[in-house]
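Encoded as structure tokens, the structure appears first; notes follow it.
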Amino acid sequence: MNFRRIQWIFLVAFIALDVFLGYSFISNNDFTISVAQTTREQTIVNEMKADGIETGKLSTNRQSGYYISTTGSGILQDKLGNLKGQTPSYNNGVLTSNFDQPVKINVKHPEKTLNKIVADKNKVLFGSQYVYDAELSSDYDNDVIYVQKGPSLNVSGTEGQIRFRVNSENQIISYSQSYLNNIKTLREKAKLVSERKAVLYLYQHDKISNNSKIKWTKLGYTRLLALDDDNAVYIPTWMVAIQSKNSDSIEIKRVNAFTGTLSKTDADTLDEAASESN
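Per UniProt numbering, the sequence shown starts with residue 1, numbered consecutively.
Here it is in structure tokens:
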């Protein structure tokens, strides 16, 4: 039995266990959705308000998502020669490129210009597979971010992103790109926990400090595990951006949207927005 086969057997077993735990969690929720459950959740929301935590309206809608697998982004390196009007390079899964001529943008609506650039095959590789993300972009003073589209949901991790760099004259001068190649679903679509349950979980487990606010939440795919340098598995994950009322810094927490528990990748989440604003 070769090593690759062992890897996939391990993956199937891992997913089966994760699905079982998630199904048990979700099934339990299905049976407990009642007036009493709603009241209990509202009590927690009231406790959050008493602690000075602003949440805004939290949706109880449950979307659906998949386990997905991808191969590496080395295909970007193979297609560098297709890019025109720029100087591209590739290293460790990331394409970086400097435009020959800066591109002027409207900082309030950068997508009006950048959508055309992303759609141009000579400017950006696989651009039709990306979409502008206004929320992520708003947290960075010098970046405009596009995220890769996936089945039902977009990609929310640092993989599968295009980051356009903006200079002091509101011009795009360069960009970096990562790409999830050959996305495949590994099993049937499954129900996910709601935005509300994800936020309440974080509060109940002391992941949201007092006198803070939920700036935004986002549901998308983030990496669960890597089989090797070229193959990885991604799952739907709630990203919750938390901002202290006394600080401009933003902390991003992640919740596994299948199980409703803290994502295993949360420890890898850096306070990126804070580093940009400082």
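C-beta: ideal position from N, C-alpha, C; glycine also.
Simplified DSSP assignment, three categories, for residue i
i, result
"E251", "strand"
"T55", "coil"
"V155", "strand"
"T261", "coil"
"I235", "strand"
"K197", "helix"
"K213", "strand"
"G127", "helix"
"G74", "coil"
"K49", "helix"
"Y175", "strand"
"N82", "helix"
"L186", "coil"
"L202", "helix"
Distance between residue j and residue i (C-alpha atoms, nearest Å)
i, j, result
"L76", "K149", "17 Å"
"E188", "D100", "45 Å"
"P88", "L125", "11 Å"
"R40", "D51", "17 Å"
"A267", "R254", "Legend: pLDDT at A267 = 40, less than 50; position of this residue unreliable, no value from coordinates given."
"G160", "L192", "22 Å"
"A119", "E111", "11 Å"
"K215", "I252", "10 Å"
Selection from the options that minimises the alpha carbon distance to residue i
i, options, result
"H109", "Q243, Y201, N61, S137", "S137"
"K121", "Y90, Q86, G56, I145", "Q86"
Residue range of the alpha helix (DSSP H) that includes residue i
i, result
"residue 288", "Given that the chain is displayed from residue 1 to residue 278, the structure contains no residue 288 and the question cannot be resolved."
"L114", "111 to 119"
Distance between beta carbons of residue j and residue i, contact taken as under 8 Å
i, j, result
"S152", "Y66", "7 Å"
"N142", "R165", "6 Å"
Unbroken beta strand (DSSP E) run spanning residue i, endpoints
i, result
"T60", "Element bounds for T60: n/a, residue is neither H nor E."
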